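Chemist: Protein chains in written order, with the numbering used here: chain A, 26 to 187; chain B, 26 to 187.
2 protein chains.
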Amino acid sequence: MALEHLFQGSALNAVDAKGRVSIPAFLRSVIERRGDARTIVLAKHEAFPALSAYDPGYAALKHSKLERLLEKEETSAQAQLEYQQRNLMAFAATEEVPYDSSGRILMPPMMRRKGEIADLALFLGTGETFQIWNPELLLADKRIPEDLKDIARFRLEERRGS
Amino acid sequence: MALEHLFQGSALNAVDAKGRVSIPAFLRSVIERRGDARTIVLAKHEAFPALSAYDPGYAALKHSKLERLLEKEETSAQAQLEYQQRNLMAFAATEEVPYDSSGRILMPPMMRRKGEIADLALFLGTGETFQIWNPELLLADKRIPEDLKDIARFRLEERRGS
DNA sequence: CTGTAACCCATAGAATCCCATTGTATCCCG
DNA sequence: CGGGATACAATGGGATTCTATGGGTTACAG
Chain A
26 MALEHLFQGS ALNAVDAKGR VSIPAFLRSV IERRGDARTI VLAKHEAFPA
76 LSAYDPGYAA LKHSKLERLL EKEETSAQAQ LEYQQRNLMA FAATEEVPYD
126 SSGRILMPPM MRRKGEIADL ALFLGTGETF QIWNPELLLA DKRIPEDLKD
176 IARFRLEERR GS
Chain B
26 MALEHLFQGS ALNAVDAKGR VSIPAFLRSV IERRGDARTI VLAKHEAFPA
76 LSAYDPGYAA LKHSKLERLL EKEETSAQAQ LEYQQRNLMA FAATEEVPYD
126 SSGRILMPPM MRRKGEIADL ALFLGTGETF QIWNPELLLA DKRIPEDLKD
176 IARFRLEERR GS
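#1: What are the residues that DSSP puts in a beta bridge with isoleucine 142 of chain A?
#2: Contact defined as beta carbons within less than 8 Å: I believe proline 116 of chain A pairs with leucine 31 of chain B. What is the distance between those atoms, to the nearest angstrom?
#3: Between the alpha carbons of isoleucine 176 of chain B and alanine 118 of chain A, how many angstroms are there, rounded?
#4: Starting from threonine 151 of chain B, find everything on chain A with Cβ-Cβ shorter than 7 Å and list it in chain order.
#5: Please classify glutamate 153 of chain B: is it buried, with 16 or more other beta-carbons within 10 angstroms of its beta-carbon, or exposed?
#6: Suppose you measure from the CA of glutamate 182 of chain B to the CA of proline 170 of chain B; what does that come to, to the nearest Å?
#7: Shortest alpha-carbon distance to asparagine 159 of chain B belongs to which of B:Arg185, B:Arg137, B:Thr151?
#8: To the nearest angstrom, how far is the alpha carbon of leucine 37 of chain B from that of arginine 178 of chain B?
#9: When the Cα of proline 81 of chain B is compared with those of B:Ala50, B:Phe155, B:Leu149, B:Phe51, which residue comes out closest?
#10: Check the Cβ of serine 54 of chain B against every Cβ in chain A and list those closer than 7 Å, keeping chain order.
#11: Identify every run of the alpha helix (DSSP H) within the segment 87 to 173 of chain B, keeping only runs that are complete inside it and at least 4 residues long; order them along the chain.
#12: Who are the neighbours of arginine 168 of chain B on chain A, taking C-beta pairs under 9 Å?
#13: Would you say the beta carbon of glycine 150 of chain B comes nearer than 8 Å to a heavy atom of the ligand SAH?
#14: Could you run through the segment 63 to 75 of chain A and flag, in chain order, every residue whose CB is less than 8 Å away from some CB of chain B?
#15: For a cutoff of 9 Å on Cβ pairs, would you count leucine 181 of chain B as touching chain A?
#16: Smallest Cα separation from proline 123 of chain B: which of B:Arg185, B:Arg45, B:Ser101?
#17: Going along chain A in order, which residues have a C-beta closer than 8 Å to the C-beta of glycine 34 of chain B?
#18: Counting only C-beta atoms, is histidine 30 of chain A closer than 9 Å to chain B at any point?
#19: What is the C-beta distance between leucine 147 of chain B and valine 40 of chain B, in whole angstroms, given that I count them as a contact (C-beta under 8 Å)?
#20: What residues are listed by DSSP as bridge partners for serine 35 of chain B?
#21: Pop quiz: serine 47 of chain B and glycine 128 of chain B are said to be a contact at Cβ under 8 Å. What is the actual Cβ separation, rounded to whole angstroms?
#22: Once the 5 residues before and after phenylalanine 51 of chain B are set aside, which same chain residues still bring their CB inside 6 Å of it?
#23: Following the continuous alpha helix (DSSP H) through isoleucine 56 of chain A, name the residue where it begins and the one where it ends.
#24: Chain A beta carbons: is any one of them nearer than 9 Å to that of aspartate 172 of chain B?
#25: Within the 9 Å Cβ cut-off, does isoleucine 142 of chain B reach chain A?
#26: Looking at the C-beta of methionine 132 of chain A, does it have a partner C-beta in chain B at a distance below 9 Å?
#27: Buried or exposed, going by whether 16 or more other CB atoms sit within 10 Å of the CB of arginine 59 of chain A?
#28: Measure how close the beta-carbons of leucine 162 of chain B and alanine 75 of chain B come, nearest whole angstrom, since I'm counting them as under 8 Å.
#29: CB-CB under 7 Å to lysine 87 of chain A, same chain, minus the five flanking residues each way: which ones, in chain order?
#30: Hey, how far is the Cα of proline 134 of chain A from the Cα of arginine 168 of chain B?
#31: Less than 9 Å between CB atoms is the rule here; does isoleucine 176 of chain B satisfy it with respect to chain A?
Written out as structure tokens, the structure reads:
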């Protein structure tokens with residue numbers, strides 16, 4: 026898999042009283058260059074206390090990969106079960122949300138809880154996908170490189186300053 | 026097989042006194058984008074104590090998938106038998122039900138029994154199809170990943186809370 | 001008749017759209 | 001190169017639409 030357009034950059038946006046968040050324009054432009062959807066898929070990140078996000082086309086790609094894997098394997102009961110489990114996680118545990126003409130999504134309450142997102146959302150491009158963090162949790166995570174935390178701190182100051 | 030529109034997300038809806046259930050709008054939109062039917066096909070899930078559901082067009086696809094699976098195996102008596110069994114489940118043991126203008130189906134009594142659906146129906150998108158669970162049975166099933174159970178618990182709380 | 005299914009209507013709450021504001025980045029032209 | 005004009009991004013608030021759900025009424029079959 027070699028995607029042409031990659032997510033990169035960072036931004037810190039507010040979650041308003043209705044639960045709306047603007048998806049940074051530079052991430053939206055990648056989504057719209059990858060396909061013509063104005064939609065993002067949200068999932069709990071597998072390792073971090075954050076959300077993972079991508080365009081719907083990427084989800085389909087992931088899915089067809091799983092399918093091929095299954096057809097290749099022997100169809101043992103064990104393989105079947107693992108397939109079912111992965112499929113459930115990949116689709117039931119994710120939500121697809123459209124963004125409106127002003128580039129905002131309504132953060133689904135479940136995802137907001139899973140990602141522990143409060144009133145600020147830190148967007149981090151990571152190539153094929155991007156992440157959405159509660160900035161405080163990122164700063165508190167020992168696994169995060171200091172240089173990245175500096176970026177988070179900068180975004181926080183930047184916002185306070187204005 | 027590469028379906029364009031995939032079922033994803035989760036929702037917990039009530040089964041009312043008449044046996045009616047709303048199919049979540051985000052699942053209906055996939056059905057209607059795949060074809061122009063306002064109908065779903067219900068079947069007992071092959072592995073879980075739940076129902077499997079999809080649009081009528083998908084049934085044909087499922088059939089060819091089974092065929093291919095059979096051709097791949099040597100046609101041992103065992104494989105033949107499994108094929109016959111699955112084919113019966115896939116076609117004889119299904120019901121096609123239309124949903125009305127408000128997006129509700131009347132859950133057929135047999136399916137309700139087969140899926141052990143009580144007064145709450147948990148909808149789980151799984152890509153090509155979606156599943157309908159009694160949430161309590163999902164929580165009790167050892168094969169279901171804990172992260173997915175969290176989602177079921179969240180949906181239950183969400184409903185109680187409001 | 002009588003129970004059941006299809007249809008119609010009503011409603012509360014949530015999601016979505018629309019418009020307005022503000023700050024910032026970009027452009028353009030002298 | 002400077003500085004004003006312009007376009008766009010992020011955000012707030014109100015109005016509108018949609019969703020899920022309950023209840024009633026009619027159509028129909030056994």
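Every residue, glycine too, gets a C-beta built ideally from N, C-alpha and C. Remember, it's a predicted structure, so these values are computed and weren't measured experimentally.
Modeler: Answer, in terms of the structure:
#1: Answer by DSSP bridge pairing: none, since isoleucine 142 of chain A is not bridged.
#2: At residue 116 of chain A the sequence reads phenylalanine, which differs from the proline that was named. With a beta-carbon spacing of about 7 Å, phenylalanine 116 of chain A and leucine 31 of chain B fall inside the 8 Å limit used to define contacts.
#3: So the alpha carbons of these two residues sit roughly 7 Å apart.
#4: Threonine 151 of chain B reaches chain A at Asn112, Leu113, Phe116, Ala117, counting residues in chain order whose Cβ is nearer than 7 Å.
#5: So glutamate 153 of chain B counts as buried.
#6: Near 19 Å, if we compare the C-alpha coordinates of proline 170 of chain B and glutamate 182 of chain B.
#7: Per the C-alpha coordinates, the member of B:Arg185, B:Arg137, B:Thr151 positioned closest to asparagine 159 of chain B is B:Arg137.
#8: If I take the Cα positions, the gap works out to 10 Å.
#9: Of the candidates B:Ala50, B:Phe155, B:Leu149, B:Phe51, the residue whose Cα lies closest to the Cα of proline 81 of chain B is B:Phe155.
#10: Going along chain A, no residue has its Cβ under 7 Å from serine 54 of chain B, so there is no contact; the nearest lies around 10 Å.
#11: Runs found: 102 to 112, 134 to 139, 160 to 165.
#12: Those within 9 Å of arginine 168 of chain B in chain A are Leu106, Gln109, Gln110.
#13: With respect to small molecules bound, the structure shown includes none, and the ligand SAH cannot be examined in it.
#14: So the list reads Val66, Lys69, given in the order they occur along the chain.
#15: Contact with chain A is absent for leucine 181 of chain B, since none of that chain's Cβ atoms lies less than 9 Å from the residue's Cβ.
#16: For the set B:Arg185, B:Arg45, B:Ser101, the Cα lying nearest the Cα of proline 123 of chain B is the one of B:Arg45.
#17: Within chain A, the residues placing a beta-carbon under 8 Å from that of glycine 34 of chain B are Phe116, Ala117, Thr119, Glu120, Glu121, ordered along the chain.
#18: No, no contact with chain B.
#19: Between valine 40 of chain B and leucine 147 of chain B the Cβ distance is about 11 Å, and since that is not below 8 Å, they are no contact.
#20: Under DSSP, serine 35 of chain B takes part in a beta bridge, and its partners are B:Leu149.
#21: Their Cβ separation, rounded to whole angstroms, is 5 Å, which keeps serine 47 of chain B and glycine 128 of chain B in contact under 8 Å.
#22: If you ignore the 5 residues before and after phenylalanine 51 of chain B, its C-beta comes within less than 6 Å of the C-beta of Gly34, all in its own chain and listed in chain order.
#23: Isoleucine 56 of chain A -> alpha helix (DSSP H) spans 50 to 59.
#24: Cβ-Cβ to chain A under 9 Å: yes for aspartate 172 of chain B.
#25: For isoleucine 142 of chain B, not one C-beta of chain A is nearer than 9 Å to its own C-beta.
#26: Methionine 132 of chain A does not count as touching chain B.
#27: Per the 10 Å Cβ criterion, buried.
#28: With 8 Å as the limit, leucine 162 of chain B and alanine 75 of chain B qualify as a contact, their Cβ atoms being about 7 Å apart.
#29: The beta carbon of lysine 87 of chain A sits closer than 7 Å to the beta carbons of Ala115 from its chain, once the five residues preceding and following it are set aside; these are given in chain order.
#30: Proline 134 of chain A and arginine 168 of chain B: Cα-Cα distance of roughly 26 Å.
#31: Chain A, which has a Cβ nearer than 9 Å to the Cβ of isoleucine 176 of chain B, makes this yes.
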